[in-house]
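Asker:
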Amino acid sequence: MATLNWIGKEAVVNHHRKVPYRLLKADPSLSVGEDGGLASGNLLVQGDNLEALKALLPYYGGKVKCIYIDPPYNTGNEEWVYNDNVNSPQIRAWLEGTLESRKVDADDLSRHDKWLCMMYPRLMLLRDFLCEDGALFVSIDDNEVAFLRLLLDEVLGSSNFVAEMIWEGAFKNDARQIGVNHEYVLVYAKNRALLPREWAVPKEGVEPVLREVDRLRAIHGEDYDSASADLAGWFRAMKATPSFGLRRFRFIDARGAYKEDDPTAPGGRRFQLINPHTGTVIPLRPNRGWAFDQNEFEERVKQGRISFVNDKSIMLRTYLHETDKVTPQSVFYQPTRSASERLGRILDSGEFEYPKDEVILQRFIDMATDPGAIVMDSFAGSGTTGHAVLAMNKADGGNRKFICIEMDETICKTITRERITRVIEGYHPGGDRKKERVEGLGGGFRYVTLGPTLFDEHGRFRSGEDKVTFGQLAAHIFFTQTGEPLPKQVNGKRSPLIGTFRGTAYYLLYNGILGDRSVSGGNVLTRETLAMLPKHTLADGSPGPRVVFGEACRLSDATLRREGIEFRQIPYQVEVG
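Just so it is clear: in the sequence shown, position 202 is 201 by numbering that gives the first Met the number 0, and no numbers are missing.
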């Protein structure tokens, strides 16, 4: 299989493993919602996305259903800066000079290599966040789409490629030979075999039609001919809307709005279909066959799903509310300026260029998630993904959670946070209080920053003001040992038993978890602390293997073997990266 190579690849293929774990610090003053945003389950993280992803991994690894990212397109005009601290002479040379001199512009002959070096470790970590039936959506344009496709084939596997969607937007005035008015969204699965057989999104224009049908049924009652005549007139008045495309659903009966379809098709079943009312054969046109057999036909007649035009002709009723979903197409249109206009109404300004469209992202979320899913965006920008998650929850009553990461502190505070806050709490469009207030979508989020690394420069846990908590260390240890996030503690109780995985129980003696912070009474494995550890038994009732992390061990090797315990000293036998 063909592989992608670039300058610096050898230096970054393992960089995601070497990125240190950092502490996460919630900022209540910038958080929104009950209990400082904790109740919402949503996170807005300000910090370098590579370090933020590594810090979040012990808590959310394997739990995210949908990831959407909008990385730099590397057009040469963005002047982004590659600044990953990678131990490589080539990459160290890239990091020399001032911030201004290190911007990646159109004259940088290594800009594609730098972009690939930046993307690779981030995609590797994002892969680890996806649950087995999760999906990744990446926006990109012609500058890097070819390289990105090969990169994603390497990270997620070419067999997990789902689609290359084309997003048609607005025509650019800088066109020369050909006017480019599209970009791409690459879609990959963690394991495509586990995706639903079909993804579906609502058909455009359905809701107004259904509302009009309900209104007409309330007016006309069982006079369905009059209701149908009025519905046909309503469709004629809706020519400039998406609802007009559904005008074939112009009939109404007790079940709802329907259209009439030909029940025959080339290659269908050829037999004598008997009219159950008259006992006569319904003629079949040449080279056609029925879409159902006699039993299925009679069942549809009982259900009122067959229209008898006359004794020799029938039509099949197809109802709008039963066909209001459609498989999303790989090419779609949404003008790029509409997202900028809506963001301007929310933030009272147009300071953020080219925001992504929350309407389109809501469609992706609708396609790829269930109502309780976690959605992640590690290039949050203006906060479109968080907005889309909140809007999707409002639309279907779901309880999805978002995790958004934005590197730039100013953007995160003044744009990302401000946008999400306003759509949660409500706002006056354009800041004009004379205009009708847009009601909030509800919810909240925790605003989180990155603290110091879990380990100091001497390889020891942080102490003092930045002291590592029991929960932080437990999450780190369990994830590095098992590759799984820390299980929720039973009934919220703190316990030295932090979790079990594949028959092995993991314990942590740290920070006075047993109630005694003295050396001999809590953090050291002695006969006394051993007696206090929760038991671990296998399905057959036999004692299961145990791994105990602690500051020291006072038990003999023979005792450890007899008790089925493997002891590991902290911090020295805890993985650093």
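Built from N, CA and C at the ideal position, the CB exists for glycine as well.
#1: Identify the continuous beta strand (DSSP E) that holds G450 and give its terminal residues.
#2: Quick check for students: name the residue ranges of the beta strand (DSSP E) that lie wholly in the region 171 to 212, counting only runs of 3 or more.
#3: For A192, count neighbouring C-beta atoms within 10 Å of its own C-beta (all shown protein chains included) and say buried if the count is 16 or more, exposed if not.
#4: G491 to L37, Cα distance in whole Å?
#5: Sort H111, R560, D224 and K311 by Cα distance to L272 and report the nearest one.
#6: Quick one: measure Cβ to Cβ for L440 and A367, integer angstroms, because I've assumed they're closer than 8 Å.
#7: Please determine if the region 149 to 162 and the region 204 to 216 are in contact, where contact requires at least 3 C-beta pairs separated by less than 8 Å.
#8: So K393 is in the alpha helix (DSSP H); what residue range does that whole segment cover?
#9: According to the neighbour-count rule (16 or more other Cβ atoms, all chains shown, within 10 Å of its Cβ), is P57 buried or exposed?
#10: Could you name the residues of the same chain whose beta carbon sits closer than 7 Å to that of I569, not counting the 5 residues immediately before and after it, in chain order?
#11: According to DSSP, is E408 part of a helix, a strand, or is it coil?
#12: What do you get for Q471, buried or exposed, if any count of 16 or more other CB atoms within 10 angstroms of its CB means buried?
#13: Would F351 and S381 be called neighbours here (beta carbons separated by less than 8 Å)?
#14: Express the C-alpha separation of A51 and S555 in angstroms, rounding to a whole number.
#15: Do the region 176 to 187 and the region 140 to 160 meet, that is, are 3 or more Cβ pairs less than 8 Å apart?
#16: With distances taken from CA atoms, which of F136, R196, E527 and E574 is nearest R459?
#17: Does the beta-carbon distance from L532 to Y506 come in below 8 Å?
#18: Expressed to the nearest angstrom, what Euclidean distance is found between the alpha-carbon atoms of L42 and R445?
#19: Taking three-plus beta-carbon pairs below 8 Å as touching, is the region 243 to 253 in contact with the region 219 to 233?
#20: So, using beta-carbon positions, are V144 and Y187 closer together than 8 Å?
#21: Since K258 and F270 should fall inside the 8 Å C-beta cutoff, what is the C-beta to C-beta distance between them, to a whole number of angstroms?
#22: Please name the residue or residues paired with I497 in a DSSP beta bridge.
#23: Less than 8 Å separating the beta-carbons of V200 and G133?
#24: So for F136, helix, strand or coil by DSSP?
#25: What is the DSSP secondary structure of E438, reduced to helix, strand or coil?
#26: Using a Cβ-Cβ cut-off of 6 Å (strictly less than) and excluding sequence neighbours within five positions of G7, which residues of its own chain qualify?
#27: Nearest CA to the CA of W5: which residue from Q293, L108 and V330?
#28: On a CA-only basis, which of A239, R344 and A256 is nearest D224? Give me that one, please.
#29: If we call anything under 8 Å between Cβ atoms a contact, is G61 one with E483?
#30: According to DSSP, simplified to helix, strand and coil, what is M166?
#31: Run through DSSP, which three-state label would A239 get?
#32: On the CB-based measure, 16 or more other CB atoms within 10 Å of its CB, does Y426 come out buried or exposed?
#33: Buried or exposed: where does P282 fall if 16 or more other Cβ atoms within 10 Å of its Cβ makes it buried?
Answerer: To lay it out plainly:
#1: R445 to T452
#2: 181 to 188
#3: exposed
#4: Note that G491 has pLDDT 47, beneath the 50 cutoff, so the model's placement of it is unreliable and the number below is only indicative. Rounded to the nearest angstrom, the two C-alpha atoms are 15 Å apart.
#5: K311
#6: L440 to A367, Cβ: 20 Å. No contact.
#7: no
#8: T383 to D395
#9: buried
#10: Y509, F548, G549 and E550
#11: helix
#12: buried
#13: yes
#14: 41 Å
#15: yes
#16: E574
#17: yes
#18: 5 Å
#19: yes
#20: no
#21: Wrong, their Cβ atoms sit about 26 Å apart, outside the cutoff.
#22: Answer by DSSP bridge pairing: none, since I497 is not bridged.
#23: no
#24: strand
#25: strand
#26: Q89, I90, D112 and C116
#27: L108
#28: A256
#29: yes
#30: The sequence given here places Trp at residue 166; Met does not occur at that position. Of the three classes helix, strand and coil, the one that applies to W166 here is strand, per DSSP.
#31: coil
#32: buried
#33: exposed
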